[in-house]
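Peer 1:
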Amino acid sequence: MKKIEAIIKPSKLKAVQAALIEADIPCMTVAPVKGAGLQRGYSEIYRGTEKSMILLNKILIICVVSDENLEKCIKVFMDHASEGKTGDGKIFIYDVQDAIRLRTGTRGIEAIR
Ligand SMILES: Nc1ncnc2c1ncn2[C@@H]1O[C@H](COP(=O)(O)OP(=O)(O)OP(=O)(O)O)[C@@H](O)[C@H]1O
Ligand SMILES: [Mg+2]
Numbered sequence: 004m005k006k007i008e009a010i011i012k013p014s015k016l017k018a019v020q021a022a023l024i025e026a027d028i029p030c031m032t033v034a035p036v037k038g039a040g041l042q043r044g045y046s047e048i049y050r051g052t053e054k055s056m057i058l059l060n061k062i063l064i065i066c067v068v069s070d071e072n073l074e075k076c077i078k079v080f081m082d083h084a085s086e087g088k089t090g091d092g093k094i095f096i097y098d099v100q101d102a103i104r105l106r107t108g109t110r111g112i113e114a115i116r
C-alpha cells in the first residue's frame, strides 16, 4: 500500500476529485492548507534573494491505494492538477505499513478495498 499526499491548487480540486472517482479511487482525505515552494509564495518569475515568504492557499489530498493503483493515481494528478506552471503542486509518496477498517477490524489491503 502507498500513501499519496498531493498538494495542489484549490482551483483543481473539483476536477481531481471527479477523476479520482472515475479512476475507481473513491477514498480520500482533503484539507485546506497553506504552503510555499521554491518561489516562497512569490509570483512565478520571482527570483529575489529576500528572506521573506508568503504562504499561499493550497489543497492537500491524501489517498491510500494499493501498489497496483499507484501509477493510476499519480496520472490523475498529472492530468488534472498540472498546467506546467510553477505552483502547480507536488506529490509525496510513502509506504503504508497497515490499515484497519474500524467497523470490522479488517486489516491491510482488504481495509482499503
Ligand atoms: N519540499 C516540500 N515540503 C513540503 N511541502 C512542499 C514542498 N515543496 C512543495 N510543497 C508544498 O507544495 C506546494 C506547491 O509547491 P510548488 O508547486 O510551488 O513546488 P515547487 O518546488 O516550487 O515547484 P515549481 O517550481 O513548479 O513551483 C507548496 O505551496 C507547499 O505547500
Ligand atoms: Mg513553486
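According to this note's numbering, the sequence shown is numbered sequentially starting from 4. Where a beta carbon is used, it is the ideal one built from N, C-alpha and C, also for glycine. Being a predicted model, the structure only gives us computed values, none of them experimental.
(1) Comparing C-alpha positions only, which one of ALA34, ALA26, LEU59 and GLY108 sits nearest to GLY40?
(2) Within the same chain, show all residues whose beta-carbon is closer than 7 Å to that of GLY44, passing over the 5 residues directly before and after it, in chain order.
(3) Give a single yes or no on whether LYS93 has its beta carbon closer than 7 Å to a heavy atom of ligand 1.
(4) Quick one: what does DSSP say ASP70 is sitting in, helix, strand or coil?
(5) Taking GLU8 as part of the alpha helix (DSSP H), name the residues at either end of that continuous run.
Peer 2: The answer reads as follows:
(1) For the purposes of this step, residue 40 is taken as residue 37 along the sequence shown, with counting starting at 1. Closest in alpha carbon position to GLY40, among ALA34, ALA26, LEU59 and GLY108, is LEU59.
(2) Walking along the sequence shown from the start, residue 44 turns up at place 41. Counting only Cβ-Cβ distances below 7 Å, and skipping sequence neighbours, we find MET56, ILE57, LEU58 and LEU59.
(3) In the sequence shown, the residue the question calls residue 93 occupies position 90. Remark: the shortest separation between the CB of LYS93 and any heavy atom of ligand 1 falls under 7 Å.
(4) Residue 70 sits at position 67 when you count from the first residue of the sequence shown. Note: ASP70 maps to helix in three-state DSSP.
(5) Numbered from its first residue, the sequence shown carries residue 8 at position 5. Looking at the DSSP string, GLU8 is not in any alpha helix (DSSP H); the run it does join, the beta strand (DSSP E), is 5–11.
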